[in-house]
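J.: Numbering (this note's numbering), first residue to last: 33 to 631.
All C-beta atoms in this analysis are idealised placements derived from N, C-alpha and C, irrespective of residue type, glycine included.
Structure incoming, see below.
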Amino acid sequence: MTGTKNIRNFSIIAHIDHGKSTLADRLIQFCGGLSEREMKSQVLDSMDIERERGITIKAQTVQLKYKAKDGEIYTLNIIDTPGHVDFSYEVNRSLSACEGSLLVVDASQGVEAQTLANLYQAVENDHVIIPVLNKIDLPAADPERVKGQIDDILGIDTSNVLEISAKSGIGIEEVLETIVNDLPAPVGSITEPLKALLVDSWYDAYLGVVVLVRVINGTLKKGMEVRFHQTDTKHLIERIGCFTPKMIINEEIKTGELGFITAAIKEVSQTKVGDTIILSNDKKTQPLPGFKPSQPVVFCGLFPTNAADFKFLKDALAKLKLNDSSFHYEQETSAALGMGFRCGFLGLLHLEIIVERLDREFDLDLITTAPSVIYDIVLTDESKIELHNPADMPEIMKIKTISEPWIKATIICPDEYLGSIISLCEDKRGIQNELTYSGSRVILAYKLPLNEIVFDFYDKLKSISSGYASFDYEIDQYMESDLVRLSILVNDEPVDALSIIVHRNFSEKKGRAVCEKLKELIPRHQFHIPIQAAIGGKIIARETVRGYRKNVIDRIHGGGATDRKRKLLDKQKKGKQRLRTYGKVDIPQEAFIAALKVE
Numbered sequence: 033m034t035g036t037k038n039i040r041n042f043s044i045i046a047h048i049d050h051g052k053s054t055l056a057d058r059l060i061q062f063c064g065g066l067s068e069r070e071m072k073s074q075v076l077d078s079m080d081i082e083r084e085r086g087i088t089i090k091a092q093t094v095q096l097k098y099k100a101k102d103g104e105i106y107t108l109n110i111i112d113t114p115g116h117v118d119f120s121y122e123v124n125r126s127l128s129a130c131e132g133s134l135l136v137v138d139a140s141q142g143v144e145a146q147t148l149a150n151l152y153q154a155v156e157n158d159h160v161i162i163p164v165l166n167k168i169d170l171p172a173a174d175p176e177r178v179k180g181q182i183d184d185i186l187g188i189d190t191s192n193v194l195e196i197s198a199k200s201g202i203g204i205e206e207v208l209e210t211i212v213n214d215l216p217a218p219v220g221s222i223t224e225p226l227k228a229l230l231v232d233s234w235y236d237a238y239l240g241v242v243v244l245v246r247v248i249n250g251t252l253k254k255g256m257e258v259r260f261h262q263t264d265t266k267h268l269i270e271r272i273g274c275f276t277p278k279m280i281i282n283e284e285i286k287t288g289e290l291g292f293i294t295a296a297i298k299e300v301s302q303t304k305v306g307d308t309i310i311l312s313n314d315k316k317t318q319p320l321p322g323f324k325p326s327q328p329v330v331f332c333g334l335f336p337t338n339a340a341d342f343k344f345l346k347d348a349l350a351k352l353k354l355n356d357s358s359f360h361y362e363q364e365t366s367a368a369l370g371m372g373f374r375c376g377f378l379g380l381l382h383l384e385i386i387v388e389r390l391d392r393e394f395d396l397d398l399i400t401t402a403p404s405v406i407y408d409i410v411l412t413d414e415s416k417i418e419l420h421n422p423a424d425m426p427e428i429m430k431i432k433t434i435s436e437p438w439i440k441a442t443i444i445c446p447d448e449y450l451g452s453i454i455s456l457c458e459d460k461r462g463i464q465n466e467l468t469y470s471g472s473r474v475i476l477a478y479k480l481p482l483n484e485i486v487f488d489f490y491d492k493l494k495s496i497s498s499g500y501a502s503f504d505y506e507i508d509q510y511m512e513s514d515l516v517r518l519s520i521l522v523n524d525e526p527v528d529a530l531s532i533i534v535h536r537n538f539s540e541k542k543g544r545a546v547c548e549k550l551k552e553l554i555p556r557h558q559f560h561i562p563i564q565a566a567i568g569g570k571i572i573a574r575e576t577v578r579g580y581r582k583n584v585i586d587r588i589h590g591g592g593a594t595d596r597k598r599k600l601l602d603k604q605k606k607g608k609q610r611l612r613t614y615g616k617v618d619i620p621q622e623a624f625i626a627a628l629k630v631e
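This is the structure in structure tokens:
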């Protein structure tokens with residue numbers, strides 16, 4: 033235990049918007065990590081997207097020195113984690129590098145679905161939990177009611193809950209004192225051979241790959257040659273240091289500490305999150321168990337609008353993959369869109385963020401196809417396939433069964449919205465598991481098909497509950513369903529980017545809605561454009577985008593249908609038909625996503 037008794041590693045976990053990043057700001061300010069001039073709000077949210085949306089996407093670390101009331105100086109390693117369900121993998125990784133967690137709960141909103149989910153993850157990692165009530169200075173704050181919820185829903189003893197306001201700085205010193213007194217010091221031996229956990233990595237244009245590590249045993253020093261266990265690659269450490277939150281260069285990282293290393297690593301694929309770092313010639317040290325790889329739940333195709341950008345897209349995805357290990361991609365080719373990639377995400381917000389980052393950081397103009405989930409198909413010859421892309425679905429007569437993933441959803445909401453939330457879940461083919469009350473709030477447990485919630489379930493839930501309902505889910509199991517592929521034809525050509533898999537009972541309604549939406553979104557051309565929805569060879573819905581029409585008989589005076597007028601109209605008709613045969617229809621990018629968010 034030598035040398036680690038004054039180190040405390042902890043993460044800050046909470047539901048979205050309960051004040052994690054603001055609390056991190058106050059702790060940095062109180063410990064003097066940054067001067068007053070350098071301080072800004074949400075200092076750890078370094079990406080522009082994080083600041084604009086007011087959410088944390090990447091977990092960030094910071095090392096602070098704190099002089100406690102007992103006169104001892106402690107080293108605090110804080111990890112500020114995301115609160116959104118789509119970034120739960122980031123949270124899980126961060127928790128494995130710490131011994132404790134500050135569980136932040138909003139004193140006016142109370143316990144939300146993601147509070148529960150993050151708490152379970154912390155408990156799985158054997159964390160000591162310190163409950164913190166934030167925003168107690170708000171007029172709507174009701175600490176006693178929320179304490180009751182923490183006790184009731186989370187089962188945590190509320191006798192020593194800290195009451196603070198991260199924004200105005202009330203109670204920050206009490207938080208720091210509780211951290212040094214109640215959280216355990218990291219376990220590890222400085223005399224044993226080096227063993228470190230690779231927590232995160234990202235690409236820096238100047239330094240190459242920067243690796244965030246947590247040293248379990250031994251010491252990491254500059255100039256050491258180390259080996260990454262999983263990839264079996266050796267590297268010479270060039271730079272070593274920590275974030276305060278500025279990048280500070282040091283000589284070593286000791287047992288129990290978090291820090292970063294750079295070792296002129298050029299290959300993105302050499303740093304696998306959860307890997308064990310050991311000395312290059314060490315054959316005895318057993319590797320750490322690592323993290324179980326994240327399972328993508330939503331898939332979609334990304335294609336460059338300009339085919340020449342394919343190589344840039346490939347490089348950009350490799351760099352993003354390094355920075356976000358829960359993102360997966362593989363190459364694919366589409367008849368309509370050319371060469372691109374099939375990408376896997378943890379949810380729709382994750383997809384949106386990745387596409388936005390590709391646009392901002394790499395200046396890429398992309399076409400995104402319809403998001404879909406993975407289906408398990410058993411064919412008539414008993415062979416099994418995994419279907420990622422609806423366009424690849426085999427002919428219906430070759431399919432014996434199709435199974436789709438279902439989720440366990442937890443929804444917490446005030447009871448006045450209960451009726452409309454239940455009817456939303458029923459519309460999405462949901463099965464109610466349980467319904468319990470905690471005061472005036474309802475905790476609903478539902479089983480829902482992932483396919484139904486992928487597009488707009490979260491948006492609808494927020495709008496019908498005036499923003500008060502919170503939602504969290506985990507993948508449950510695959511269940512057999514009567515599913516069909518709905519193909520969309522524009523100008524008699526199938527558009528594979530718009531193919532979707534739907535339940536047979538909803539197929540006609542969905543087909544009609546998609547056709548109506550596309551009719552609004554596809555601009556008019558010189559000719560009529562038919563938009564059709566089909567299942568197999570059967571057309572189930574149709575709309576027509578009317579073509580522009582020039583009045584060719586305008587300059588002929590006199591009434592009646594003369595031969596001259598007839599001749600001109602026939603000539604125009606032939607020209608329109610020829611145009612339609614050769615005419616290529618441009619479908620705007622926003623039509624792809626908007627067509628899928630239909631009722």
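Taking C-alpha atoms, which residue in G288, G291, R271 and T317 lies nearest to H261?
T.: If we check each option's Cα against that of H261, T317 comes out closest.
J.: According to the Cβ coordinates, are F374 and N421 closer than 8 angstroms?
T.: The identity of residue 374 in the sequence shown is Arg, whereas the question assumes Phe. Cβ distance < 8 angstroms, so R374 and N421 count as in contact.
J.: For Q509 versus W438, is the C-beta spacing smaller than 8 angstroms?
T.: For Q509 and W438, yes; Cβs fall inside 8 angstroms.
J.: Please list the segments of the alpha helix (DSSP H) lying wholly inside the stretch 128–161, counting only runs of 4 or more residues, in order along the chain.
T.: Whole alpha helix (DSSP H) segments, 4+ residues: 145–156.
J.: Start and end of the beta strand (DSSP E) containing T442?
T.: Run containing T442: I431 to P446, per the beta strand (DSSP E) assignment.
J.: Between the stretch 533–540 and the stretch 504–521, do three or more beta carbon pairs fall short of 8 angstroms?
T.: Flag = yes, the stretch 533–540 and the stretch 504–521 touch.
J.: So, under 8 angstroms CB-CB, L383 and F377 are touching, yes? Tell me the CB distance rounded to an integer number of Å.
T.: About 4 angstroms; that satisfies the 8 angstroms criterion.
J.: From A348 to K52, what does the alpha carbon distance come to, in whole angstroms?
T.: For A348 and K52, the distance between alpha carbons rounds to 30 angstroms.
J.: List the DSSP bridge partners of K416.
T.: Answer is V410.
J.: Do you know offhand how far R556's Cα is from L550's?
T.: Rounded to whole angstroms, R556 to L550 spans 11 angstroms at the Cα level.
J.: Give the secondary structure of Y490 by DSSP, where H, G and I count as helix, E and B as strand, and everything else as coil.
T.: It is helical.
J.: Three or more C-beta pairs under 8 angstroms: does that hold for the stretch 430–444 against the stretch 403–410?
T.: Flag = yes, the stretch 430–444 and the stretch 403–410 touch.
J.: Could you tell me whether the stretch 279–288 touches the stretch 251–267, using the rule of 3 or more Cβ pairs below 8 angstroms?
T.: Short answer: they touch.
J.: For Q95, which residues in the same chain have their Cβ closer than 6 angstroms to its Cβ, ignoring the five residues on either side in sequence?
T.: Same-chain partners within the cutoff: N109, C274 and T276.
J.: Run through the DSSP bridge pairs and tell me what F503 is partnered with.
T.: Answer by DSSP bridge pairing, in chain order: I443.
J.: Do I62 and E205 have their C-beta atoms closer together than 8 angstroms?
T.: First, the amino acid is wrong: residue 62 is Phe here, not Ile. Contact: yes.
J.: With a threshold of 6 angstroms on Cβ separation, who are the neighbours of I185 within its own chain once the five nearest residues in sequence on each side are excluded?
T.: Once the five neighbours on either side are set aside, the close Cβ partners of I185 are V143 and S470.
J.: Would you please state the rounded distance, in angstroms, between the beta carbons of K492 and L456? I believe it to be under 8 angstroms.
T.: Right, their Cβ atoms sit about 6 angstroms apart.
J.: Expressed to the nearest angstrom, what Euclidean distance is found between the alpha-carbon atoms of C445 and L476?
T.: If you take the alpha carbons of C445 and L476, they lie about 8 angstroms apart.
J.: For the pair the stretch 187–194 and the stretch 220–234, tell me if three or more CB-CB distances fall below 8 angstroms.
T.: With a cut-off of 8 angstroms, the stretch 220–234 and the stretch 187–194 do not count as touching, because too few Cβ pairs lie within range.
J.: I need the DSSP call for Y478, collapsed to helix, strand or coil.
T.: Strand, per DSSP.
J.: If you compare alpha carbons, which of V164, E156, K97 and P171 is closest to H50?
T.: Looking at the Cα atoms, V164 is the closest of the given residues.
J.: Of the residues N166, T594, I309 and Y98, which one's Cα is nearest the Cα of T263?
T.: Of the candidates N166, T594, I309 and Y98, the one whose C-alpha sits nearest the C-alpha of T263 is I309.
J.: Going by DSSP in three states, P562 sits in which element: helix, strand or coil?
T.: Looking at P562 - three-state DSSP - the assignment turns out to be strand.
J.: Between which two residues does the beta strand (DSSP E) holding A46 run?
T.: Segment I39 to A46, the beta strand (DSSP E) holding A46.
J.: Report back the beta-carbon spacing between F503 and I443 to the nearest angstrom; my notes put them in contact at under 8 angstroms.
T.: Their Cβ separation, rounded to whole angstroms, is 5 angstroms, which keeps F503 and I443 in contact under 8 angstroms.
J.: Among residues of its own chain, excluding the 5 on either side of K37, which ones have a beta-carbon nearer than 6 angstroms to its beta-carbon?
T.: Only A217 meet the Cβ criterion.
J.: Using beta-carbon positions only, say whether K167 and D214 come within less than 8 angstroms of one another.
T.: Taking 8 angstroms as the Cβ cut-off, K167 and D214 do not qualify as a contacting pair.
J.: To the nearest angstrom, how far is the alpha carbon of N249 from that of G306?
T.: Each residue's alpha carbon lies about 16 angstroms from the other.
J.: In terms of DSSP beta bridges, what is Q647 paired with?
T.: This structure gives no information on residue 647, because the portion of the chain shown stretches from 33 to 631.
J.: Span of the beta strand (DSSP E) holding S452?
T.: From DSSP, S452 is part of no beta strand (DSSP E) but of the alpha helix (DSSP H) over L450 to D459.
J.: Using DSSP's beta-bridge definition, name the partner residues of L165.
T.: L165 pairs with V137 and E195.
J.: Determine the extent of the alpha helix (DSSP H) in which H382 is found, giving its start and end residues.
T.: L380 to F394 is the span of the alpha helix (DSSP H), which, as asked, contains H382.
J.: Looking only at its own chain, which residues have a Cβ that is under 6 angstroms from the Cβ of E540, when we skip the five neighbours before and after it?
T.: Excluding sequence neighbours, E540 sits near I572.
J.: Looking at the unbroken alpha helix (DSSP H) that takes in R544, where does it start and where does it end?
T.: Start and end: R536 to L553.
J.: Taking a contact to mean a Cβ-Cβ separation below 8 angstroms, would you say L268 touches A228 in this structure?
T.: Not closer than 8 angstroms, so no.
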